Each structure stands twice: as C-alpha cells, then as structure tokens.
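Accompanying notes for the structure given below.
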Amino acid sequence: MSLFAPRCHRSGGTGLRRRVAAAIGVAAWVLAVCGAADGLLAAQPGSAAAGRAESQQARDAEPKIRHIDLVHFSHTDYGFTDHPLICRELQKRYLDIAIDAALATRDAPAGARFCWTAETTVAVDDWWRAASPARRRDFLQAVECGQLEIAALPLNPTPTLNRRQWHTMLHWLPEELWQRVRPRAAVVSDVNGFPRAGAAALLDRGVRYLFMSINSDNGGSPFRRPSAFWWKLPDGRKLFVWLNYSYPTGFYFFERQSWRRGPVPRATDTRYRPPRPGEFLRTDEASLRRAHSRLIERLRGVEAAGYRYPTLILSMTNEWRMDNDPPFPALADFVAAWNRLGLKPTLRLTTVGAALARMEKEIGGDAPVYAGEWTDWWANGVASGPREVAASRLAKRLAAAAASPIWGELDENARGTIEQIYRDLCLFDEHTWGSSDSVALPYALETIGQYNAKAALAYRPLAQARLLLSQRMRSRLAGEPEGLYVANTSRLPFNGWVTMPASCLRGAYRSVEDPQSGERTPLEFLSGYRPFSRPRDASELTPENTSATFPDNCPGQTVRFWVEDLPAGTIRRFRLSTEKAQEKVAEEAQPAAGPDVELDGAGWPKSATWPGMERPLLLPGFGDFLSVQIVGFAPRWVARDIFAMGDVSRRESLRAEKLRHIRATPEGPATVKKNAHTCIYTQRLRHPRLRW
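Heads up, the final residue of the sequence shown is numbered 690 in our numbering, and it's a clean run with no missing numbers.
Below, the structure written as structure tokens:
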C-alpha cells in the first residue's frame, strides 16, 4: 500500500511538466500537475514593502562582487541515497528532464534559459545507449545551444586508479559522441583531492578546467574557498582549477533553511517527494528581496575572508536529498525574476565550462600557480573494505597480464571483456562506499544490498580477468612443445619465485630444466593448504585457520622454483625433471650482496641498508598498526566535535582526552627464513582489534 496521497488531480500543464512526470515517476507527477505551487506563489508571507526595506539595508553595504554564475547539476553517488542500479536509472531520467527544460526555454531571453551540467559521463552514456534517434537529436540541440554541458569524468574518483583506468575514465563515451559534446571541464565533488595522474589524463583529452567541490564533512580544502589557481604538472602543462564550496552550497546563499527532510529518503519512498516550484527560490518581489538580503549577508562574509574577484561561481543542487537529485527547472524563473527586479549582483544560470572560461578570462593572469600531488584523504570507504580493495588490485594486475601482447593480438570479444573489466574497476574506485545508513544501521537490508553491489565491482572483474588470462594463455601455448611455461607480462625483468600447488604435478619431479641452457633448478616443497582432508594435529593449522576444517600447514602442499633474469614481455619454457639439481659450488651459492640489517630485541628489523644507500630503507617498528578508540558517549559524534573545533589548543586537548591510540605489540620473537635468494622475517602481532 502506498502512503503517498496526492492532494489534487488537476489536469493540464505544459509538455515540460508532463516530461518531468514521466521521468521521475508518481511522486514527481504530483509535483508536475498539482496546483499547490501556483497557490504558494500567490500567498507568501510578508509584503513587497517589507522586502524593499530589507533590500535597502543590504544596499547600504553592497559587496564588490558584481556577478554570480550559478552552475546547476546533480551530484552523482553510485549508492548512498539508493541502490546503485536505482541511482543510474534516476540519473538517466534527470537528463531527460534537463533536456526538456533547456529546449522549452531556448527561445527565451538569455537570462531566462534553463542550463544544466551533467556531472558524469556514466549517466550520459547510459542515457545515450537507451535513447531513440529523435531523443538523441534533442540532446544534441540542447548541447549546441549552450544550455546543456557534459563534464568530462564518469564518476567522482578515489585516488587508486591506475594508468589504464584513467584511459577508460576519459573514453567512457563513444568517441563520436565525445567529439560532438567536446567536454572542456571536469566536475569532481565530495572527495578531498584529485590525483595528478587524473589531471594529466584530463589535459591529454583537451580538458583544461577542473571544478572541485570538496565536502568539508570530516574533510577540508588545501586552500581558502572559493578561489582559483593553476595546477602545474611536471611536464609544464597547467590545469585551471576552481576551488568551489561544497556542491549544494549555492542554495544557502539565497535561502536560510534547508527544504529537504529525512534527510536522505530513498527515491522509492513515496512518503517523500522532490520540491515543487514555489516552495523555495520564489519569484514574488518580497521573497526575492529577502533572498537578496540573505545573499548580501553571505557575500560580505566571503569578501571578509579575502575574496577579491568581481565574479563568484556557485553550484546548486536540488533539495530533495542533495545527492542524486533531479534538476529544478524553476531555478531559471528565479534568475530571470531577480534580474528583472534589478537586484545586484546580477545572476547568470550557466554551465560549468562557460563559467570557468569567463573566470579564466577575468582572473587567470593573476591566479596563483601550484605544483605537486593533491592527495585525497577522505578515504574512509577504501579503508572499510580491505578484502574488496585487495580483490580489485589483483584484478588490475591480471587484466593487464591478460591484455599483454605476448599472448597475441586481442580479438574483438577479448577487447570487449577488457573494457568491461576496467569499467567495473573504475566504478569500484568511485567514491561511494555504501548506504547513507551504513554506519548507523550496518546490518540493514539497504546497507548490505548496496555493499553487495559495490563488492561485485571488485570480485566480478577479478573472475573475468582470471578467465580471460587463462583462455589467452591456453590459446597461445596449445601448439607449443610440452613443458612448464613462465611468462613475464610486466615492463621490467623478473627475478623471483614461481609458486604452484604441488597437486598440479603428475609425477615425482625434483627439478626444472631450461632446455636452452641445460641448467637445472631445484623444486622446493613447502607446507600449505590441503583441501577436503582432516587435519592430523594442531601443527597442520596456522593461527589464522580459525575454522580448523581443512589443514593449511600440511607438508609438501606447495612447490616453488627460482627464476633469474626473465626479460620483460617474454615467455620461458622449462622441462620438469625427476632428477635432482646439482648442488652449486660454494662460491656460486653465495647470495648477492644483501642489506645490512639491524634487529630489535624481538629479532625484527629496525633498519635495512643496501650497499650504496646513504639512509636505511626501513625504520624501527612494524608499520604502526594501530587503532584509535574514541572515549565517550556516541563516539562518532565525539570525533566530529574534535574535528569541528576551531581552536587548535582546545582541539589538541580534546584529542588527548578523548582519543586512545592502541598500537600493536610483538607476540613473541620474530622468525627468519633465509636461502640463497630471499630472507623473510615474520612477526606475529598482538592487538585487541585482531583475533585469530
């Protein structure tokens, strides 16, 4: 049973309203056709006279900012507000609304036209693939008349993408479509940094602008906001960066209170709805003058903090949830009414690239230049899923190996698989890591469902990469002589162990032989995992084996041999042999010059210095494995209090009082295993957050 009851069923309305209804659904249908919004416009509290008095007070100390560019978009989370599948479907529908709003106002005066920026190319690509030819023409019309702009990136990224992923990120759209829409700006929201590799990838594709809307909730900006700067890369190229407020902040330059409730209701919850025209940003004179008074108040604060530019860029989202929200076409009416009333500063509803091009023209010559990496430390999500992150990293390595030319040319099907693998991995490295309730309600169905979708973006490409690699290996080697083949798909020579399960050997082999040199290398058999068998005693179980079902420390289950100097991009064949490898003479058996290692009292390396190094590579300790316990009621709110404390001395006092740092300690002495090739130190740790 639906709990949503429309208050009226008045028929009529424009084609734009009907499109809005079809795009959003039932709740938006009421938004589109009910007459409540019209009533609101005629019955606002206050009077024009009162509004003029407020506006006169504002003019007494008008700021120096003369123009405000408003950039309207939907901040895209693949998750958080809704399941990722729902988010992607909503974003397609929002693009429909924006196209119709743009085309409905294209013949209006320049200051009354609706403009929309598509924050992500995932939404555009999803929409384009599903659109009819006629609808695609509408889309291109909106782009060509400058009212619809497509930003360059498919998603808001974490800093963990590799080179191949950045190529995928900047080639998400079909190339023909990319050339038609010509993205010139990237919009990045929420995250606190952007990789320099991403900046280089943008410039490689002709994208010169970065619009950065950092979320200051448990985060922060490296410089004062709002501001502009040039980001200089090592090759000398520069990216023009606008350091924006957080993406919804523009709304609060005109309104004192948020309209949204919930505050993050799911789109499928019909007890909530998107806002109607007239519920905020009203166009009657009294409301406009109150909005003007609010704006002047905010601008004074901006200028008091040091802002000196004649133009200010503000971004605005809708007020349903803020994230994954639809366009608000009535924003164009608000801007037009504002300018008709002659209020200052003037407002321009525009797109991100147009706003940044104007800003560059105005102040680009005076903007400071910075160089370096811009680290994103807003990374709670990445830290919350270590297994999935490990799976994604392995998938990246295997996908690169599968695409290696040593297996031959990729056919069309294989290229499609590689593309899908990297698209999934890019979406995994997107900044959304779960439901808005994931912390408060960790076991709720919505929380688990969203994380399941996120995790699949790591495990699915891992499975696909494994399959593709195995297929290409078998196809390449099927016609070769019998042997054991070792491939180096990397760009550097390989020296290291080749490790396999011993059960893959069908014989009593003791060595491998290089057919070209005749040199034999011994096979070493080690303890390992033996599935579907009962452990004989505790010695066959490692401390990590808490299930104690199958032994994982059973002798002879793993076999390895050493490979020396395998060139990059080559395959070497070995023959398995039942003969024992000859022992090397003493001088040949000596390992290469190793590091000078200093140990602590438990036998763990405090430092390691290789020949030719002036300083040790390793430092005392074992990675500072620690947890931070928050002491006090409702710990996350205590942490927020500390973060929000502006007084440095008070903040440090709160940290000392409320935070307990618990570091790991050694659990017994370290063990060491040495051979002619490697030296491995193992130190078990004791920590209250670790349990085996």
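Ideal placement from N, C-alpha and C gives every residue a C-beta, glycine not left out. Being a predicted model, the structure only gives us computed values, none of them experimental.
Inter-residue spacing [alpha-carbon to alpha-carbon] between residue i and residue j
i              : j              : result
arginine 518   : serine 525     : 23 Å
tyrosine 679   : leucine 597    : 10 Å
valine 387     : valine 380     : 7 Å
lysine 230     : proline 553    : 56 Å
proline 684    : alanine 662    : This sequence places arginine at residue 684; proline is not what is there. So the two alpha carbons sit approximately 6 Å from each other.
arginine 254   : leucine 208    : 29 Å
alanine 25     : leucine 408    : With a pLDDT of 35 at alanine 25, under the threshold of 50, the modelled position of this residue cannot be trusted; read the value that follows with caution. Rounded to whole angstroms, alanine 25 to leucine 408 spans 48 Å at the Cα level.
serine 473     : leucine 521    : 27 Å
arginine 470   : proline 272    : 51 Å
arginine 571   : glutamate 511  : 9 Å
aspartate 594  : serine 605     : 8 Å
leucine 652    : serine 433     : 30 Å
arginine 508   : asparagine 411 : 40 Å
glycine 144    : alanine 289    : 27 Å
valine 350     : isoleucine 148 : 9 Å
alanine 393    : glutamate 581  : 39 Å
alanine 546    : arginine 689   : 15 Å
valine 31      : aspartate 67   : For valine 31, the predicted model reports a pLDDT of 30, less than 50, meaning its position is unreliable; a value from the coordinates is still stated below. Spanning the two alpha carbons is a distance of roughly 30 Å.
threonine 430  : alanine 674    : 46 Å
valine 186     : glutamate 655  : 36 Å
asparagine 136 : glutamine 177  : For the record, residue 136 in the displayed sequence is aspartate; it is not asparagine. If you take the alpha carbons of aspartate 136 and glutamine 177, they lie about 17 Å apart.
leucine 29     : glycine 217    : With a pLDDT of 31 at leucine 29, under the threshold of 50, the modelled position of this residue cannot be trusted, and the question is left open.
proline 529    : leucine 467    : 25 Å
serine 647     : valine 437     : 30 Å
cysteine 677   : proline 603    : 11 Å
glycine 406    : glutamate 480  : 20 Å
aspartate 36   : glycine 276    : With a pLDDT of 31 at aspartate 36, under the threshold of 50, the predicted position of this residue should be treated as unreliable, and no value is reported.
When the options are compared against residue i, the one with the closest alpha-carbon
i                 : options                           : result
glutamine 462     : Gln418, Tyr245 and Val350         : Gln418
isoleucine 212    : His290, Trp228, Gly191 and Pro232 : Gly191
proline 193       : Trp126, Trp164 and Val557         : Trp164
alanine 128       : Arg288, Pro157, Leu151 and Gln89  : Gln89
glutamate 358     : Thr266, Pro61 and Leu241          : Leu241
phenylalanine 278 : Pro499, Tyr305, Leu564 and Tyr250 : Tyr250
alanine 150       : Arg162, Asn378, Val120 and Leu159 : Val120
alanine 500       : Ala453, Arg464 and Val557         : Val557
glutamate 87      : Leu455, Leu329, Asp323 and Val239 : Asp323
tyrosine 92       : Arg64, Thr118 and Phe78           : Thr118
histidine 65      : Arg104, Leu293 and Glu665         : Leu293
phenylalanine 332 : Arg638, Thr309, Glu283 and Pro403 : Glu283
tyrosine 457      : Ala397, Gly505, Tyr441 and Gly414 : Ala397
tryptophan 495    : Asp105, Phe559 and Gly505         : Phe559
isoleucine 361    : Pro513, Tyr76, Arg534 and Leu310  : Leu310
Boundaries (first-last residue) of the beta strand (DSSP E) holding residue i
i                 : result
histidine 165     : Counting along the chain, histidine 165 falls outside any beta strand (DSSP E), though it belongs to the alpha helix (DSSP H) covering 161 to 167.
phenylalanine 641 : Looking at the DSSP string, phenylalanine 641 is not in any beta strand (DSSP E); the run it does join, the alpha helix (DSSP H), is 633 to 642.
leucine 88        : Segment 82 to 102 is the alpha helix (DSSP H) holding leucine 88; no beta strand (DSSP E) there.
glutamine 627     : 624 to 628
arginine 661      : 657 to 661
Residue i: first and last residue of the uninterrupted alpha helix (DSSP H) it sits in
i                 : result
glutamate 142     : 131 to 142
asparagine 486    : Asparagine 486 -> not in any alpha helix (DSSP H); beta strand (DSSP E) instead, spanning 482 to 486.
leucine 424       : The sequence as given places cysteine at residue 424; leucine does not occur at that position. Cysteine 424 -> alpha helix (DSSP H) spans 410 to 426.
lysine 452        : 443 to 475
arginine 119      : One point to set straight first is that residue 119 is threonine, not arginine, in the sequence displayed. Taken as a continuous stretch (DSSP letters only), the alpha helix (DSSP H) holding threonine 119 covers 119 to 128.
phenylalanine 209 : Run containing phenylalanine 209: none in the alpha helix (DSSP H); it sits in the beta strand (DSSP E), 207 to 212.
glutamine 177     : 173 to 179
histidine 290     : 283 to 302
phenylalanine 332 : 328 to 338
Proximity below 8 Å, CB of residue i to CB of residue j
i                 : j              : result
histidine 81      : alanine 369    : no
alanine 668       : alanine 600    : yes
arginine 319      : glycine 260    : yes
histidine 73      : proline 325    : no
cysteine 424      : leucine 153    : yes
tryptophan 257    : alanine 365    : no
isoleucine 84     : alanine 334    : no
tryptophan 126    : leucine 175    : yes
phenylalanine 492 : leucine 564    : yes
proline 224       : methionine 314 : no
alanine 184       : valine 205     : yes
glycine 696       : leucine 312    : The question about residue 696 has no answer here: the residues shown for the chain are numbered -1 through 690.
is_contact[residue i, chain C] using C-beta, thresh 8 Å
i           : result
alanine 461 : No chain C is present in this structure, which holds just one protein chain.
Kindly confirm or deny that the region 333 to 351 and the region 106 to 120 touch, where touching means at least three C-beta pairs closer than 8 Å.
-> yes
Touching or not, the region 129 to 148 and the region 92 to 104, by the rule of three or more beta carbon pairs under 8 Å?
-> Verdict: yes, contact present.
Is there contact between the region 199 to 207 and the region 164 to 174, where contact requires at least three CB pairs shorter than 8 Å?
-> Contact between the region 199 to 207 and the region 164 to 174 is present, with at least three C-beta pairs closer than 8 Å.
Between the region 482 to 489 and the region 538 to 545, are three or more C-beta pairs nearer than 8 Å?
-> no
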